[in-house]
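Here the sequence shown is numbered in the numbering used here, starting from 169 and rising by one per residue. In this text, a Cβ means the ideal position worked out from N, Cα and C, and glycines have one as well. Have a look at the structure below before the remarks.
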Amino acid sequence: MSYDVVALHADNPDLRTLTRALEDAGRDLRVRALAGGHLLRLRDASGTLLTLEPAQLVEAPGEVERLLDPDLAAGLPERCWWTELRARPDEAGREAAHRVADRLALSSGGAVWTSGPADFGVWEETEHPAVEYTAGKAVVVAQDRPVVPFSSWISDVLADPAVQEHGFQLLTPAHSRLTYALRTLMALPLARWVVRTEEGDHFDGLTGLPLRRHPEHGHVPARAEGPAAPAEGFLDESPLGRQIVVDFTTRAPKDAFDPGLSVERVTERLVGVAPTAWGPYEPALAPWNRKRMARLARHRAPRPSLFRFRGTGPGGSRFSGDLRLIWEEGIVREQVSLVLGHPDAESVPHHALPAAVAAVAEGLEMMHVRLARGREDATYAPRWHGLAEPLGFAVGWERAEGSHGRGGPLEGTRLGEGSGAVWYPVPRDVPRERATSLVASQIEYLTAGRGRSGGERPGHLT
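Shown next as structure tokens:
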């Protein structure tokens, strides 16, 4: 399914309201529960008509504006419920989805949002409601939304062992943008963002290279004589803002870990605020609460947990990221990936980076900070953003091998309490190529020192 409808309503629909909504879609339709009752599927004589996900409480503001439509939030109650439907992309499917969503919204007051028509012409009946079609070695999910999130639907598709072994492809129109979480996924080796132009051609949303349909692999690079040229418009030279991308890993004893505290400390220093909301998927609808996060993480242990978070700075710039918790012998390791949008290069808070490192220095294993061209709202259009330039990196004092960490081509500064961490800023006046070379040389210097002292083998710092 690729035609999406979201009903936003004041109250959680009871069984009677939900039954009436499903009847509005058609009394002759068959209803089937999926995923242990977590999903409801409606079928007609032609097959699956639509699939409905139970309502989610919108406890934290911002996701309606970020993912759907900024104007839609104006008439909504402060707390509302978000019910998502995915329908077959034909007239019958769209009509059924509208009827169900309208009933839910009218039952207690609210609004309805609809995606684009999603008429890609490739839909086929599949077992999973999010899958557009399957190729021999790829699963293709189609989304016709202005902003495509890393939803529970997509997460469920990725859990399929066949997808993990073969490949995942996301098909969108050229006007769609991806959230940071989904864009990060599409950069993995077995993933591909397939963008369809108005003329019906396809190109890779990250590289711009033309693609062609393939029965076995979904979409593959198009054949070309000589070097392939990017799709028209991909090398867009129009102005963009700037994005700081921060990746870091910390660890703490199991009996003392506080999930999300490191995220708070970094965003407060770089943006001035803690995250607004979090959740296991997008939309992230729960208000930021470390205690709730800890309870869920401990309940899932020793399985790892992955949470999404988001927030908005005082000037309206947005940030979002992922927090992964990994349970190991006696410790919990936090892996954080975070993007912070800024309107222009002048607004990037270079001066605040040392404070961000110092705030998480205790338990820090590594941190990489990069600067890239990108939208202030921290979403990604299918266009060339250029190559990111390193602003610096940090390692824990122990990983820097004590005083050995003060040497090398970059000058290191010890920061933070306790053993602390060493921050290696890149001089701001050097070109990107030189900055990349300096970081690589510094890491090589540190790993060589660890090898001489009997520590980890070279390469483990990265």
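Could you tell me the alpha carbon to alpha carbon distance between residue i and residue j, rounded to whole angstroms?
{"i": "Thr630", "j": "Tyr548", "result": "Only weak support is given to the placement of Thr630: the predicted model assigns it a pLDDT of 28, under 50, and the question is left unresolved by the model."}
{"i": "His510", "j": "Gly479", "result": "13 Å"}
{"i": "Arg433", "j": "Ala445", "result": "15 Å"}
{"i": "Pro626", "j": "Thr418", "result": "The predicted position of Pro626 is uncertain, since its pLDDT is 33 and thus under 50; no value can be drawn from it."}
{"i": "Ser621", "j": "Gly586", "result": "With a pLDDT of 49 at Ser621, under the threshold of 50, the modelled position of this residue cannot be trusted, and the question is left open."}
{"i": "Gly623", "j": "Ile611", "result": "Annotation note: pLDDT 43 at Gly623 (below 50); position unreliable, coordinate value reported separately. Whole-angstrom Cα-Cα distance: 14 Å."}
{"i": "Gly215", "j": "Ala242", "result": "37 Å"}
{"i": "Thr282", "j": "Val174", "result": "6 Å"}
{"i": "Phe561", "j": "Val607", "result": "8 Å"}
{"i": "Gly428", "j": "Gly584", "result": "18 Å"}
{"i": "Val363", "j": "Asp372", "result": "6 Å"}
{"i": "Asp182", "j": "Leu272", "result": "10 Å"}
{"i": "Arg582", "j": "Val307", "result": "48 Å"}
{"i": "Glu496", "j": "Arg463", "result": "18 Å"}
{"i": "Ala342", "j": "Gly284", "result": "12 Å"}
{"i": "Ala213", "j": "Ala260", "result": "11 Å"}
{"i": "Asp287", "j": "Val598", "result": "48 Å"}
{"i": "Leu240", "j": "Met461", "result": "29 Å"}
{"i": "Asp490", "j": "Arg380", "result": "32 Å"}
{"i": "His628", "j": "Val299", "result": "Low confidence applies to His628: its pLDDT is 31, below 50, so where it sits in the model is not reliable, and the reading given next is rough at best. Taking the straight line joining both Cα atoms gives about 38 Å."}
{"i": "Phe477", "j": "Arg466", "result": "18 Å"}
{"i": "Arg256", "j": "Gly277", "result": "26 Å"}
{"i": "Ala264", "j": "Ser170", "result": "14 Å"}
{"i": "Ala523", "j": "Gly440", "result": "12 Å"}
{"i": "His334", "j": "Asp328", "result": "10 Å"}
{"i": "Tyr592", "j": "Phe416", "result": "14 Å"}
{"i": "Gly447", "j": "Pro472", "result": "15 Å"}
{"i": "Gly576", "j": "Arg600", "result": "19 Å"}
Figure out for me which residue from the options has the closest Cα to the Cα of residue i.
{"i": "His518", "options": "Leu559, Ala242, Met535, Glu384", "result": "Leu559"}
{"i": "Ala469", "options": "Arg478, Tyr449, Arg492", "result": "Arg492"}
{"i": "Leu374", "options": "His385, Ala392, Glu367, Asp404", "result": "Asp404"}
{"i": "Leu235", "options": "Glu450, Thr615, Arg600", "result": "Glu450"}
{"i": "Val325", "options": "Pro577, Tyr301, Pro599", "result": "Tyr301"}
{"i": "Arg360", "options": "His343, His385, Thr347, Tyr348", "result": "His385"}
{"i": "Ala355", "options": "Gln337, Thr365, Ala342", "result": "Gln337"}
{"i": "Ala223", "options": "Gly230, His206, Arg211", "result": "His206"}
{"i": "Met534", "options": "Glu514, Trp456, Thr615", "result": "Thr615"}
{"i": "Asp192", "options": "Gly289, Leu218, Asp172, Gly284", "result": "Leu218"}
{"i": "Ala178", "options": "Glu514, Thr282, Asp270", "result": "Asp270"}
{"i": "Asp172", "options": "Arg254, His553, Ala298", "result": "Arg254"}
{"i": "Leu202", "options": "Thr185, Arg262, Glu227, Glu295", "result": "Glu295"}
{"i": "Gly401", "options": "Ile322, Phe487, Glu292, Arg551", "result": "Arg551"}
{"i": "Leu220", "options": "Pro245, Trp250, Glu231", "result": "Trp250"}
{"i": "Arg484", "options": "Pro455, Arg381, Glu233", "result": "Here residue 484 turns out to be Gly, not Arg, going by the sequence shown. That would be Glu233, whose Cα lies nearest to the Cα of Gly484."}
{"i": "Gly564", "options": "Glu333, Leu532, Asp287", "result": "Leu532"}
{"i": "Arg195", "options": "Pro443, Pro593, Ile499, Leu210", "result": "Leu210"}
{"i": "Glu557", "options": "Gly588, Ser605, Glu579", "result": "Ser605"}
{"i": "Leu274", "options": "Arg188, His334, Glu292, Trp291", "result": "Arg188"}
{"i": "Leu578", "options": "Glu566, Gly588, Arg596", "result": "Arg596"}
{"i": "Glu436", "options": "Ala520, Val594, Ala228", "result": "Ala520"}
{"i": "Ala303", "options": "Trp321, Glu367, Gly277, Ala330", "result": "Ala330"}
{"i": "Glu555", "options": "Trp321, Ala603, Ser430, Ala265", "result": "Here the sequence assigns Leu to residue 555, which means Glu is not the residue at that position. The shortest C-alpha separation from Leu555 is found at Ala603."}
{"i": "Glu238", "options": "Leu208, Ala279, Glu252", "result": "The sequence given here has Pro at residue 238, not Glu. If we check each option's Cα against that of Pro238, Ala279 comes out closest."}
{"i": "Pro443", "options": "Asn180, Pro421, His334, Pro229", "result": "Pro229"}
{"i": "Leu438", "options": "Ala399, Ala397, Pro482, Ser406", "result": "Pro482"}
{"i": "Leu508", "options": "Val268, Arg543, Glu514, Ala523", "result": "Arg543"}
Could you please give me the residues that DSSP links to residue i through a beta bridge?
{"i": "Arg209", "result": "Arg200, Thr219"}
{"i": "Gln610", "result": "In the DSSP output, where bridge partners are listed per residue, Gln610 has none listed."}
{"i": "Gly489", "result": "Phe477, Leu506"}
{"i": "Ile494", "result": "Arg501"}
{"i": "Thr251", "result": "Ala175"}
{"i": "Val307", "result": "Thr302, Phe336"}
{"i": "Asp287", "result": "Paired residue(s): none; Asp287 is not in a bridge."}
{"i": "Leu379", "result": "His370, Pro389"}
{"i": "Met535", "result": "Phe416, Ala562"}
{"i": "Pro593", "result": "Gly560"}
{"i": "Tyr548", "result": "Leu346"}
{"i": "Arg360", "result": "Gln337"}
{"i": "Val316", "result": "Leu346"}
If residue i sits next to residue j, beta carbons under 8 Å apart, how far is it from one beta carbon to the other, in whole angstroms?
{"i": "Asp369", "j": "Pro383", "result": "In fact, because the Cβ distance is near 18 Å, the residues do not count as touching under 8 Å."}
{"i": "Leu506", "j": "Val414", "result": "5 Å"}
{"i": "Leu339", "j": "Ala310", "result": "4 Å"}
{"i": "Leu186", "j": "Val199", "result": "About 10 Å separates the two Cβ atoms, so there is no contact after all."}
{"i": "Glu231", "j": "Leu453", "result": "6 Å"}
{"i": "Ala546", "j": "Ser488", "result": "5 Å"}
{"i": "Val504", "j": "Val431", "result": "6 Å"}
query: Should the segment 535–547 be regarded as contacting the segment 404–413, the criterion being three or more beta carbon pairs within less than 8 Å?
result: yes
The segment 386–401 / the segment 527–536 touching (three or more Cβ pairs under 8 Å): no
field: At least 3 beta-carbon pairs within less than 8 Å: the segment 308–323 vs the segment 340–348
entry: yes
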